[in-house]
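Have a look at the structure below, then the notes.
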Amino acid sequence: MEKYQEIERTIIKKFRKTIWARFVKAVKEYELIKENDHIMVCISGGKDSFLLAKCIEELQKHSKIPFQAHYVCMNPGYTKKNEEQIINNAKKLNIDLKIFKSNIFDVVDETTSGSPCYLCARMRRGCLYKEAKRLGCNKIALGHHFNDVIETILLSMFYGAEFKTMMPKLHSENFKGLELIRPLYLVKEEDIIAWKEFNEITFLNCACHFTEKVSNKEEESKRKEIKELIKNLKKINNNIDSNIFTSASNVNIEAIIGYKKNKEFYSFLEEYDTKGK
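The numbers in the working numbering rise by one with no breaks, and the one at position 233 of the sequence shown is 282.
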């Protein structure tokens, strides 16, 4: 058995409950993949996107629903070393990876003086949508996982003063007919790390040269603060992460002061007096 086949086997055997079952549940529960979909699977070089690629491959083998997948990596200006590691990992995992280049890092470097992350993320998303259109895809799959979801909820509350989450799928506002899907939505990061370590694969942590310039950038990030907070809260209540996640689909509108829908704000006062009569 080839090494890549052993790695594939761990997904559906050793990590069946923690990774494969959760992946399949998300695909079914949120209707992420449908018959004759053409999906562009985006690989950044990290553990999450490479695992996503292998899960999509396994789904193609076992699913009765026919769909096509394209495995794509956008190089926004990675160092030669980082690009080579992505290529080598793709070969190790037997992924037919196509790389296309952009000059995003250079553009962001020239136009921003503070944190470049927001602009970089927007530009990367735009490039990925254009490539998906070029390939004739109707969906783009990203490797965001369960922890990204709950961290987004708390980040929005603490620093954005609103309650919202990272959705399992979204329609593109600027590219008609394209959807973004997140098949690892229910898979926990700790299980992705366990899969990576069990198979002894080294993935990129961050291939961004901005974080390489500022060594403590990651330590100062708001997302890392939230990660640490959740970690400490789990010491008190081990179900805290699941409770945060469930809260986003268990909203009690009767106990909400206000909410937004289609960019319109609705206040509890609009119906308050009529309910008391």
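Cβ coordinates follow ideal geometry from the N, Cα and C atoms, glycine included.
On a predicted model such as this, the values are computed, not experimentally measured, just so you know.
| said: On the CB-based measure, 16 or more other CB atoms within 10 Å of its CB, does Gly95 come out buried or exposed? | reply: In the sequence shown, the residue the question calls residue 95 occupies position 46. The residue in question, Gly95, is buried, as its Cβ has 16 or more Cβ neighbours within 10 Å.
| Hey, out of Gln54, Asn196 and Glu180, whose CA is closest to Lys283's CA? | The sequence position of residue 283 within the sequence shown is 234, counting from 1. Nearest of Gln54, Asn196 and Glu180 to Lys283, Cα basis: Asn196.
| request: Please classify Val263: does DSSP put it in a helix, a strand, or coil? | output: As a first step, residue 263 must be located in the sequence shown, where it is residue number 214. Its pLDDT being 46, under 50, Val263 is placed unreliably by the model, and the measurement read from it follows with that caveat. Residue state, collapsed to three classes: coil.
| First through last residue of the beta strand (DSSP E) which encompasses Leu146 | Within the sequence shown, numbered from 1, the residue matching residue 146 stands at position 97. Leu146 -> beta strand (DSSP E) spans Leu146 to Lys150.
| field | Nearest neighbour of Arg272, chosen from Glu200, Lys245, Leu229 and Ser296 [CA to CA] | value | The residue you call residue 272 lines up with position 223 of the sequence shown. With distances taken between Cα atoms, Arg272 lies closest to Glu200.
| said: Give me the residue from Tyr79, Cys104 and Lys77 with the minimum Cα distance to Arg65. | reply: By 1-based counting over the sequence shown, the position of residue 65 is 16. Answer by Cα proximity: Cys104.
| task | Leaving aside the five residues before and after Tyr53 along the sequence, list all residues of the same chain whose C-beta is less than 7 Å from its C-beta, in chain order. | result | For the purposes of this step, residue 53 is taken as residue 4 along the sequence shown, with counting starting at 1. Same-chain partners within the cutoff: Lys141, Leu142 and Asn143.
| query | Are the beta-carbon atoms of Asp145 and Phe116 separated by less than 9 Å? | reply | Residue numbering aside, residue 145 sits at position 96 when the sequence shown is read from its first letter. Residue numbering aside, residue 116 sits at position 67 when the sequence shown is read from its first letter. No. Outside cutoff.
| query | Do the CB positions of Ser221 and Tyr178 come within less than 9 Å of each other? | reply | As a first step, residue 221 must be located in the sequence shown, where it is residue number 172. As a first step, residue 178 must be located in the sequence shown, where it is residue number 129. Yes, Cβ-Cβ distance for Ser221 and Tyr178 is below 9 Å.
| task | Give me the Cα-Cα distance between Glu228 and His193, rounded to the nearest whole angstrom. | result | As a first step, residue 228 must be located in the sequence shown, where it is residue number 179. As a first step, residue 193 must be located in the sequence shown, where it is residue number 144. Looking at the two C-alpha atoms, the distance is approximately 15 Å.
| The beta strand (DSSP E) with Cys186 in it runs from where to where? | Residue mapping note: residue 186 aligns to position 137 of the sequence shown, counting from 1. Here Cys186 belongs to no beta strand (DSSP E), and DSSP marks it neither H nor E.
| Looking at the structure shown, is Ile279 part of a helix, part of a strand, or coil, going by DSSP? | Here residue 279 is taken as the residue at index 230 of the sequence shown, counted from 1. Residue state, collapsed to three classes: helix.
| said: So for Ile60, helix, strand or coil by DSSP? | reply: For this step, residue 60 is matched to residue 11 along the sequence shown. Reduced to three states, the DSSP call for Ile60 is helix.
| task | Select from Arg231, Arg58 and Leu253 the residue whose C-alpha is nearest the C-alpha of Ser130. | result | In the sequence shown, counting from the first residue as 1, residue 130 sits at position 81. Checking the sequence shown, residue 130 turns out to be Lys, not Ser. Measuring from the Cα of Lys130, the nearest candidate turns out to be Leu253.
| query | With 9 Å set as the bound, which would you pick, yes or no: does the beta-carbon of Arg231 sit closer than that to a beta-carbon of chain B? | reply | No chain B is part of this structure, which consists of one protein chain only.
| field | Residue from Glu132, Lys218, Gly209 and Lys113 whose Cα sits closest to the Cα of Glu78 | value | In the sequence shown, the residue the question calls residue 78 occupies position 29. Comparing Cα-Cα distances from Glu78 to each of Glu132, Lys218, Gly209 and Lys113, the minimum goes to Lys218.
| said: Just to confirm, is the Cβ distance from Phe99 to Ile250 under 9 Å? | reply: On the sequence shown, position 50 is the one that residue 99 refers to. On the sequence shown, position 201 is the one that residue 250 refers to. In this structure, Ile250 lies closer than 9 Å to Phe99 by Cβ.
| field | Start and end residues, alpha helix (DSSP H) containing Asn196 | value | For the purposes of this step, residue 196 is taken as residue 147 along the sequence shown, with counting starting at 1. Where Asn196 is concerned, the enclosing alpha helix (DSSP H) stretches over Phe195 to Gly209.
| query | In terms of residues, what are the limits of the alpha helix (DSSP H) holding Ile135? | reply | Stepping through the sequence shown from its first residue, residue 135 is reached at position 86. Counting along the chain, the alpha helix (DSSP H) containing Ile135 begins and ends at Lys129 to Lys141.
| task | Classify His119 as buried or exposed, calling it buried when 16 or more other Cβ atoms lie within 10 Å of its own Cβ. | result | The sequence position of residue 119 within the sequence shown is 70, counting from 1. His119 comes out buried.
| query | What span of residues does the alpha helix (DSSP H) with Phe224 cover, start to end? | reply | Counted from its first residue, the sequence shown places residue 224 at position 175. Unbroken run through Phe224: none, as it is neither H nor E.
| task | Report all residues from its chain with a CB closer than 7 Å to the CB of Lys245; omit the five preceding and five following residues, and keep chain order. | result | In the sequence shown, residue 245 corresponds to position 196, counting from 1. Closer than 7 Å at the Cβ level, and outside the excluded window around Lys245, lie Lys96 and Phe252.
| field | Proximity of Glu28 and Glu107 at Cβ, strictly below 9 Å | value | Residue 28 lies beyond the stretch modelled for the chain, which goes from 50 to 326, so this question has no answer here.
| said: Could you tell me the alpha carbon to alpha carbon distance between Ser93 and Thr323, rounded to whole angstroms? | reply: As a first step, residue 93 must be located in the sequence shown, where it is residue number 44. As a first step, residue 323 must be located in the sequence shown, where it is residue number 274. The straight-line gap from Cα to Cα measures roughly 53 Å.
| request: Could you check the C-alpha separation between Glu132 and Val121 for me, to the nearest Å? | output: Taking the first residue of the sequence shown as 1, we reach residue 132 at position 83. Taking the first residue of the sequence shown as 1, we reach residue 121 at position 72. Rounded to the nearest angstrom, the two C-alpha atoms are 13 Å apart.
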